[in-house]
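Asker:
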Amino acid sequence: MNAEVIGSYPNGEIIHVKDIKYGWAKVSYEGVTGWVASQYLFKTGSSGSQHTSQVTVGVDVANIRTGPSTDYKVITQATDEDVFPKLGESNGWVKIQLENGKHGWIAGWLVYASREKEQISERPLEGINIVLDAGHGGFDPGAIAVDGTPEKVFTLPTTERIAESMRNAGATVILTREKDRYLALEERVRISEAYYTHAFISVHYNASYYPSARGISTYYYQEPKGRNLASDIQARLNSTTSLQNDGIRHGNFHVLRENIGDAVLVELGFISNPHELKVVKSSDYQQSVAKAITQGVINHFSN
1 MNAEVIGSYP
11 NGEIIHVKDI
21 KYGWAKVSYE
31 GVTGWVASQY
41 LFKTGSSGSQ
51 HTSQVTVGVD
61 VANIRTGPST
71 DYKVITQATD
81 EDVFPKLGES
91 NGWVKIQLEN
101 GKHGWIAGWL
111 VYASREKEQI
121 SERPLEGINI
131 VLDAGHGGFD
141 PGAIAVDGTP
151 EKVFTLPTTE
161 RIAESMRNAG
171 ATVILTREKD
181 RYLALEERVR
191 ISEAYYTHAF
201 ISVHYNASYY
211 PSARGISTYY
221 YQEPKGRNLA
231 SDIQARLNST
241 TSLQNDGIRH
251 GNFHVLRENI
261 GDAVLVELGF
271 ISNPHELKVV
281 KSSDYQQSVA
291 KAITQGVINH
301 FSN
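Okay, so the sequence shown: first residue is 1 according to UniProt numbering, each after it adds one.
1) Out of Gly137, Val173, Lys102 and Ala143, state which residue places its alpha-carbon closest to the alpha-carbon of Lys179.
2) Mind pulling the beta strand (DSSP E) runs of 3 or more residues that sit fully within the segment 144-173?
3) Mapping DSSP to helix, strand and coil, what is His136?
4) Just the C-alpha distance for Val55 and Ala78, rounded to the nearest angstrom, thanks.
5) List, from N- to C-terminal side, the alpha helix (DSSP H) runs of 4 residues or more that fit wholly inside the segment 230-287.
6) Which term fits Pro10, buried or exposed, when burial requires 16 or more other beta carbons within 10 angstroms of its beta carbon?
7) Ala184 to Lys95, Cα distance in whole Å?
8) Report buried or exposed for Glu99, applying the criterion of at least 16 other Cβ atoms within 10 angstroms of its Cβ.
9) Let's test the definition: count the other Cβ atoms within 10 Å of the Cβ of Phe139 and tell me whether it reaches 16, buried, or not, exposed.
10) So Leu156 packs on Ala134, CB below 8 Å; how close in whole Å?
11) Give me, in chain order, the residues of the same chain whose beta-carbon lies closer than 8 Å to that of Pro85; leave out the 5 immediate sequence neighbours on both sides.
12) Could you give the first and the last residue of the continuous beta strand (DSSP E) run that contains Ile191?
13) On the DSSP letters alone, give me the boundaries of the beta strand (DSSP E) that Ala37 sits inside.
14) Using the Cβ count rule (16 or more neighbours within 10 Å means buried), how would you classify Ala273?
15) How do the segment 202-213 and the segment 228-236 stand: do at least 3 beta-carbon pairs fall below 8 Å, yes or no?
16) From Gly48 to Ser90, what does the alpha carbon distance come to, in whole angstroms?
17) Taking Glu223 as part of the beta strand (DSSP E), name the residues at either end of that continuous run.
18) Using a Cβ-Cβ cutoff of less than 7 Å, which residues in the same chain neighbour Asp246 once the five nearest sequence positions on both sides are dropped?
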């Protein structure tokens, strides 16, 4: 949004919100109507601190272990919306306090800071059209995982989870494909153009001849729109998942180069890496990725 700045509120200021549209809150500032990005507003009654001391489980079931990796013993399980005091972090894992007073560790990509769900806008993507593109399909398998599984097997369910998350945030979501079928690159772009897309996101998993290759990256072509969207999404993926942050990169891909909207391509891990393959195959990982990408898009259209 390129509107004039008419003022600012100090941290902790209590304000009355008149309306919410497209991730912006309508407010009155010294008698003048203005708009504030709703991502910076929280319902009254929530903590005024900028730092949370609690985390909330964001998946159906999550294992709690004796240490910060899957190598440690499972001591109990938590379910969606369970809240725990946060005691520390290590290697992408969060140390929490259990009800019995003992300590445990939970994967950081399965929880979120408890204040995040208190944001005032419940449908921040309302009015935003998103095209989600599940990479490859049909006779195009994409990359081949170390266990022989084709990339296309991962991209579609991940894309469906992202779609569900974005629809819950109010977005209108269009999928370029909803089943295992081949779709030319040109057709994927035409679908994006037909729906006057605000953002186009192509979902992929990476592979390399080197089994040690690892990490998540987001590609863009257009400056500055595509780059800004890539940066917002990558930032959320980096803070949400345990995989290495490979950053944002310029990519001369057809679906990015020929797109008229903000367009990015995400590589959500190396399926040629045995460790990352184990991670990305889990429904918990795919769900956390979906939430991260959704929040990245929310941030993009709120700035």
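Glycine included, every Cβ here is placed at the ideal spot set by N, Cα and C.
The structure displayed is predicted, hence computed values, not measured ones.
Answerer: According to the structure shown:
1) Gly137
2) none
3) coil
4) 12 Å
5) 254-257 and 274-280
6) exposed
7) 46 Å
8) exposed
9) exposed
10) 4 Å
11) Ser53, Gln54, Ile96 and Gln97
12) Here Ile191 belongs to no beta strand (DSSP E); instead the alpha helix (DSSP H) covers Leu185 to Ala194.
13) Val32 to Ala37
14) The sequence given here has Asn at residue 273, not Ala. Asn273 is buried by the Cβ-count criterion.
15) no
16) Bear in mind that a pLDDT of 41 at Gly48, under 50, signals an unreliable position, so the model cannot answer this.
17) Counting along the chain, Glu223 falls outside any beta strand (DSSP E), and DSSP gives it neither H nor E.
18) Gly215, Ile216 and Ser217
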